[in-house]
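What follows is a single structure, written as structure tokens, with notes after it.
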Ligand SMILES: Cc1cc2nc3c(=O)[nH]c(=O)nc-3n(C[C@H](O)[C@H](O)[C@H](O)COP(=O)(O)O)c2cc1C
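Numbering (my numbering), first residue to last: 29 to 409.
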């Protein structure tokens, strides 16, 4: 039962014990609660946990470059390893200027600017920022991917994921990238930044497994503003492969609404199981490298079918593993009917993050309510 889900998989130089990956998920939690959550997901049987948004350069937020930040990442990898999973660092370079962030900070703090409004305001600054970056700054950033990868390895990470959205995605996008030099114009030129970032990691760590989060945007209907148009994939995929990528993690591009890339069950277009898998089909046609699907992957039967048919080689989940960290364990032990299936409500996960309350699940509330009910009635939960 579910033998493909539970079969090991060789990804570059590492072996995953099964095909399930915790997708990059920034949680906005205090350290203890965060480590507890990661530990639970690792114990629940997932093969690899991708830590979202690890900064490529020194940052006012915690980064690999400060002693405090480095030790925090080391605690994260130790927790993940101790509980039986591998750890991947998602190297992330923002495409919002810190200056713009500072400008809008007072409005954010006083609540005059809501988080989704803030995102729109920041998105409006992306094109000017990307188009105006000097060659010198571009080189600092792309080389930064290599430096951060070395630090990530020292902190215990087993795999590097390059965040192909954000700055890589904005350079890739003909909507945001209005440059007229070798980083702009043709699809080949727009792929250059991402390929240099990948090549920098490959050069500093020749044996490291490099996964690339490939952000795809689509027209008709239009979704996503950063990233690579479906029609441009035949240019981007081989170039990224030549630069040193070992696998692709394929999803919808960002910079439209967050609820497009993290779609609720009520989303008008991406509401179904495996909503982004058609993008994986496009990528698989162009490469023999493993492709990881993500996006509303919840039911063990559905996931097994996608893996078994070879449509995808790996399956990543964010909200489903937040809802039930024991998804893999329950699936492999025949207790699949006891899985708490993600309802796709987005209330406490994306909603919690946007309300600065940290990422949780409505399940936590249901459990707490049940427990207190049982306590009142003096019965065991
Ligand atoms: C609370 C939350 C935080 C996320 N943070 C990140 C992140 O840091 N980096 C990233 O690339 N994707 C991030 N994502 C997107 C997920 O990796 C994933 O692509 C998306 O949620 C769709 O998968 P799902 O249906 O399994 O949740 C986040 C998603 C959620 C719900």
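Idealized CB from N, CA, C, for every residue including glycine.
DSSP state of residue i mapped onto helix, strand, coil
i           : result
residue 256 : strand
residue 366 : helix
residue 334 : helix
residue 356 : helix
residue 320 : strand
residue 163 : helix
residue 279 : strand
residue 408 : Below a pLDDT of 50, predicted positions are generally treated as unreliable, and residue 408, at 44, falls in that range; no measurement from the model is reported.
residue 60  : helix
residue 246 : strand
residue 93  : coil
residue 295 : coil
residue 314 : coil
residue 42  : strand
residue 131 : helix
residue 384 : coil
residue 88  : coil
residue 372 : coil
residue 304 : coil
residue 325 : coil
residue 270 : helix
residue 351 : helix
residue 125 : coil
residue 157 : helix
residue 113 : coil
residue 136 : helix
residue 101 : helix
Whether residue i touches residue j by CB criterion (8 angstroms)
i           : j           : result
residue 169 : residue 226 : no
residue 183 : residue 261 : no
residue 49  : residue 79  : no
residue 37  : residue 233 : no
residue 336 : residue 32  : yes
residue 105 : residue 185 : yes
residue 378 : residue 286 : yes
residue 218 : residue 202 : yes
residue 298 : residue 291 : yes
residue 66  : residue 237 : no
residue 235 : residue 116 : no
Those residues which DSSP pairs with residue i across a bridge
i           : result
residue 120 : 83
residue 50  : 77, 345
residue 19  : The shown model of the chain, from 29 to 409, leaves out residue 19, and the question about it has no answer.
residue 189 : 118, 239
residue 37  : 44
Cβ-heavy atom distance, residue i to ligand 1, below 7 angstroms
i           : result
residue 47  : no
residue 81  : yes
residue 198 : no
residue 378 : yes
residue 334 : no
residue 347 : yes
residue 322 : yes
residue 121 : no
residue 191 : yes
residue 381 : yes
residue 254 : no
residue 290 : yes
residue 246 : no
Any C-beta of chain D under 8 angstroms from that of residue i
i          : result
residue 86 : Given the protein chain composition of this structure (a single chain), no chain D is represented.
List in chain order: all unbroken alpha helix (DSSP H) runs of 4+ residues lying wholly within the region 201-244. 215-232
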